[in-house]
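The structure appears below as structure tokens.
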Amino acid sequence: MFVTKALKPKRRTVMAVSGVVLLLWAGTTGVPRIVAQANKAAAPKELPMRPKLVVMLVVDQMRGDYVDKFRVQWTGGLKRLVEEGAWFPDAAYPYAATETCVGHTTISTGALPAMHGMVSNAWWDREQQKGVTCTSDPNVKNTGYAGASVKGGDSAWRMLMTAFAEELKFQGSGGTRVVTFSLKARAAIMMAGHQADAVTWFDPAVGAWTTSSAYPMAGFVEEYAKTHPVSRDYGKTWTPLLPSSAYWYGETATGAVPPAGFGPSFPHPLRGKPDSTGADATFYSQWQTSPYAETYLAQMAEDAVDKLGLGKSAGTDYLGVSFSSVDYVGHAFGPRSWEVQDELARLDRDLASLFAHLDKVVGRANYVVALSADHGVAPIPEDLQKTGADAGWLNVEEVKQRIEKALDGLSYAKPAVAEVGGGDVYFTPGTYEKLKTDAAAMHAVIEAIESVPGVAGVYRAEELEGRPATENPIRRAEAASFLKSRSGDLMIVPKPYWPWDFSTVGRPRQYGATHGTPYYYDQRVPVLFMGFGIRPGVYHGTITPADIAPTLASLCGITLAPRDGRVLGEALAKTDERRTARKSSAPGSAESTKP
Ligand SMILES: [Zn+2]
Numbered sequence: 002m003f004v005t006k007a008l009k010p011k012r013r014t015v016m017a018v019s020g021v022v023l024l025l026w027a028g029t030t031g032v033p034r035i036v037a038q039a040n041k042a043a044a045p046k047e048l049p050m051r052p053k054l055v056v057m058l059v060v061d062q063m064r065g066d067y068v069d070k071f072r073v074q075w076t077g078g079l080k081r082l083v084e085e086g087a088w089f090p091d092a093a094y095p096y097a098a099t100e101t102c103v104g105h106t107t108i109s110t111g112a113l114p115a116m117h118g119m120v121s122n123a124w125w126d127r128e129q130q131k132g133v134t135c136t137s138d139p140n141v142k143n144t145g146y147a148g149a150s151v152k153g154g155d156s157a158w159r160m161l162m163t164a165f166a167e168e169l170k171f172q173g174s175g176g177t178r179v180v181t182f183s184l185k186a187r188a189a190i191m192m193a194g195h196q197a198d199a200v201t202w203f204d205p206a207v208g209a210w211t212t213s214s215a216y217p218m219a220g221f222v223e224e225y226a227k228t229h230p231v232s233r234d235y236g237k238t239w240t241p242l243l244p245s246s247a248y249w250y251g252e253t254a255t256g257a258v259p260p261a262g263f264g265p266s267f268p269h270p271l272r273g274k275p276d277s278t279g280a281d282a283t284f285y286s287q288w289q290t291s292p293y294a295e296t297y298l299a300q301m302a303e304d305a306v307d308k309l310g311l312g313k314s315a316g317t318d319y320l321g322v323s324f325s326s327v328d329y330v331g332h333a334f335g336p337r338s339w340e341v342q343d344e345l346a347r348l349d350r351d352l353a354s355l356f357a358h359l360d361k362v363v364g365r366a367n368y369v370v371a372l373s374a375d376h377g378v379a380p381i382p383e384d385l386q387k388t389g390a391d392a393g394w395l396n397v398e399e400v401k402q403r404i405e406k407a408l409d410g411l412s413y414a415k416p417a418v419a420e421v422g423g424g425d426v427y428f429t430p431g432t433y434e435k436l437k438t439d440a441a442a443m444h445a446v447i448e449a450i451e452s453v454p455g456v457a458g459v460y461r462a463e464e465l466e467g468r469p470a471t472e473n474p475i476r477r478a479e480a481a482s483f484l485k486s487r488s489g490d491l492m493i494v495p496k497p498y499w500p501w502d503f504s505t506v507g508r509p510r511q512y513g514a515t516h517g518t519p520y521y522y523d524q525r526v527p528v529l530f531m532g533f534g535i536r537p538g539v540y541h542g543t544i545t546p547a548d549i550a551p552t553l554a555s556l557c558g559i560t561l562a563p564r565d566g567r568v569l570g571e572a573l574a575k576t577d578e579r580r581t582a583r584k585s586s587a588p589g590s591a592e593s594t595k596p
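Quick note on the numbering used here: the sequence shown kicks off at 2 and runs consecutively.
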């Protein structure tokens with residue numbers, strides 16, 4: 002571990018030293034009454050030293066190198082995290098299923114998908130013989146705020162581990178509130194866990210803030226949704242924030258697939274369908290793919306802090322916000338676009354306001370922020386092809402067709418394939434069991450998959466189950482993503498720079514760039530901490546986002562079950578450093594309000 006920047010070690014306080022002496026003395030006498038007195042004498046008034054608020058921020062699809070490259074464009078909250086916080090530039094998910102539900106659950110539980118069970122955004126349910134999403138719950142109903150009528154039912158019931166936030170509430174001294182926001186249900190829900198005080202996401206079909214019967218309806222969200230309708234942003238035009246010379250790459254990204262109503266480059270008007278005169282579903286989709294949604298989420302989070310008095314209860318409160326728009330913008334315009342850079346530059350300003358607000362009302366040293374991303378993103382293949390690199394789209398439908406064709410004339414029921422969900426191939430009931438005893442047919446199937454352009458190889462379920470020890474990083478990543486009851490019978494490994502294409506063969510794709518493979522560009526994400534208990538610096542060690550929850554748990558004095566992550570002790574300040582920091586930054590003090 003190489004630390005390029007760190008706090009100077011501070012002198013122990015007299016109180017702490019005398020406390021140690023008293024404890025030692027009491028310990029050697031073995032008299033319980035004296036031990037109790039010594040403990041009392043040793044305990045400074047502000048103990049236990051715990052953060053008053055944990056702020057978990059996730060930027061959907063923020064690849065790790067965005068910090069390296071684009072931080073010159075930042076002046077606000079992202080810059081502050083990098084410069085005043087602990088930055089881990091070499092953080093990456095160690096698994097293959099680099100998707101939103103998987104990443105958020107890994108961050109919130111400290112476990113890998115093989116353990117937390119969120120193996121993908123969606124998978125094939127073998128019992129019901131239908132596809133399910135990671136949050137779909139037949140026993141709950143979604144409810145819209147501000148009187149909106151919404152469909153579906155979402156909860157964390159498929160999540161096999163408790164989230165850090167749930168444990169904080171359960172193990173803490175009481176009074177902990179858990180509040181999360183995102184555009185996406187799978188982000189807001191996974192950051193919170195099975196129970197919470199307010200879990201809020203956005204339904205773009207009707208433009209409504211939403212929760213479900215798994216969680217309480219929150220009065221402050223209802224009020225905010227009523228007084229701040231998203232439709233107010235209708236008619237706005239997204240233009241670049243920075244001067245043209247500040248952006249990397251060309252103004253028009255090669256291979257971009259912008260959302261309806263947006264052109265291939267700025268400006269992007271948010272006016273819905275061509276004949277619309279007000280907010281419609283097309284507008285809500287444009288809004289999600291714009292910086293206005295990030296600003297809205299940040300302001301809603303500030304409102305939650307005020308209305309609930311987060312950071313002011315006896316326990317440690319938890320605020321989780323997942324900013325989804327970088328993902329929508331990234332899918333549309335790709336990682337080498339002005340749009341992604343602009344989205345981040347504006348998020349940087351939004352986070353500056355959020356942190357300034359927290360400094361003022363909670364106190365700079367009383368809250369801890371962790372920021373990461375749920376996954377990275379691959380370059381747009383058409384863009385990379387310009388360099389002569391081997392890049393393209395791996396068509397999932399084509400995989401399905403070639404497997405069926407390979408089994409033509411062999412004694413297999415049709416269809417043989419139930420579903421191909423990216424890397425996971427699910428066979429119809431009985432088919433895979435039969436293939437396992439039929440070496441010729443299995444060989445034909447695997448050869449057929451490997452003949453699809455972009456396929457690097459195929460693993461059978463038996464090769465991944467139980468996370469076998471292996472030197473092969475791709476097999477290890479596939480195994481860390483694998484849970485037999487939910488994962489495919491076969492797992493396809495794509496070639497590098499060959500992302501999944503889910504469109505019908507011959508039909509245009511709905512996105513320009515995507516993610517979801519075991520390669521570093523999909524796995525590498527920023528991990529940044531700032532505030533209570535954090536020792537600033539740049540930490541060049543290989544870590545994973547599964548380390549975030551154990552680190553926060555350590556700061557909050559609680560214990561989690563999973564052992565997939567570790568406490569990032571190198572970035573934690575000593576107790577006396579924490580005490581000094583807290584003393585110099587009470588809410589509203591000069592230190593806490595400096596810009
Ligand atoms: Zn995505």
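A virtual CB, placed ideally from N, CA and C, is assigned to each residue, including glycine.
Computed from a prediction, not measured in an experiment: that's the story for all the values here.
Excluding the 5 residues preceding and the 5 following residue i in the sequence, name in chain order all residues of the same chain whose CB lies nearer than 7 Å to its CB.
i	result
Ala390	Tyr498
Lys11	The predicted model places Lys11 with a pLDDT of 38, which falls under 50 and marks its position as unreliable; any figure quoted below should be read in that light. If we look at Lys11 and ignore the five residues flanking it on each side, its Cβ neighbours are Asp577, Glu578 and Thr581.
Asp281	Gly273 and Lys274
Considering only residues of the same chain and omitting the five flanking positions on each side of residue i, which have a CB-CB separation below 6 Å?
i	result
Arg579	Met50 and Gly534
Gln172	Ile559
Gly423	Trp501 and Gly517
Asp304	Tyr225
Ala219	Ala199
Val568	Pro551, Thr552 and Ser555
Figure out for me which residue from the options has the closest Cα to the Cα of residue i.
i	options	result
Tyr433	Gly423, Gly422 and Val446	Val446
Glu85	Ala462, Ala371, Ile475 and Leu553	Ala371
Thr134	Ala147, Gly153, Ser325 and Tyr146	Gly153
Pro52	Gly532, Ile544 and Val494	Gly532
Val222	Arg233, Trp202, Asp234 and Val207	Trp202
Ala547	Tyr146, Asp61, Thr107 and Thr99	Thr107
Glu128	Ser486, Leu529, Gly78 and Ala442	Ser486
Asp490	Tyr96, Phe428 and Ile549	Phe428
Tyr329	Pro454, Tyr512 and His444	Tyr512
Leu355	Ser452, Asp66, Arg81 and Ala166	Arg81
Ser245	Lys313, Pro205, Thr181 and Ser338	Ser338
Ser325	Ser488, Ala92, Gly251 and Cys102	Cys102
His541	Ala92, Pro230 and Gln287	Ala92
Arg508	Pro292, Ser373 and Asn396	Asn396
Tyr522	His376, Lys237 and Ile190	His376
What is the DSSP secondary structure of residue i, reduced to helix, strand or coil?
i	result
Ser213	strand
Glu420	strand
Arg233	helix
Thr238	strand
Ser246	helix
Val36	Per-residue confidence for Val36 stands at a pLDDT of 35, beneath the threshold of 50, marking its modelled position as unreliable; the derived number appears in the next sentence. If DSSP states are grouped into helix, strand and coil, Val36 belongs with the helices.
Thr107	helix
Val369	strand
Leu631	With the chain running from 2 to 596 in the structure shown, residue 631 is simply not present.
Ser137	strand
Gly220	helix
Arg525	strand
Gly251	coil
Val494	strand
Tyr285	helix
Thr201	strand
Taking the alpha-carbon positions, what's the residue i to residue j distance?
i	j	result
Leu385	Ser504	20 Å
Glu571	Trp88	11 Å
Met437	Arg564	Rather than Met, the amino acid found at residue 437 in this sequence is Lys. C-alpha separation (whole angstroms): 33 Å.
Gly410	Ala417	12 Å
Phe483	Glu340	34 Å
Asp69	Thr212	36 Å
Met301	Asp307	10 Å
Gly1	Cys557	Residue 1 falls outside the range modelled here, since the chain spans only 2 to 596, and no answer is possible.
Ala209	Gly145	6 Å
Asn473	Asp425	19 Å
Arg510	Thr545	32 Å
Val322	Ala440	49 Å
Val55	Leu561	16 Å
Ala215	Pro90	37 Å
Val59	Lys435	43 Å
Take residue i and list the residues in its own chain whose beta-carbon comes closer than 8 Å to its own, dropping the five residues that flank it on each side.
i	result
Pro382	Gly256, Ala392, Gly393, Trp394, Tyr498, Trp499 and Pro500
Glu451	Gly458 and Val459
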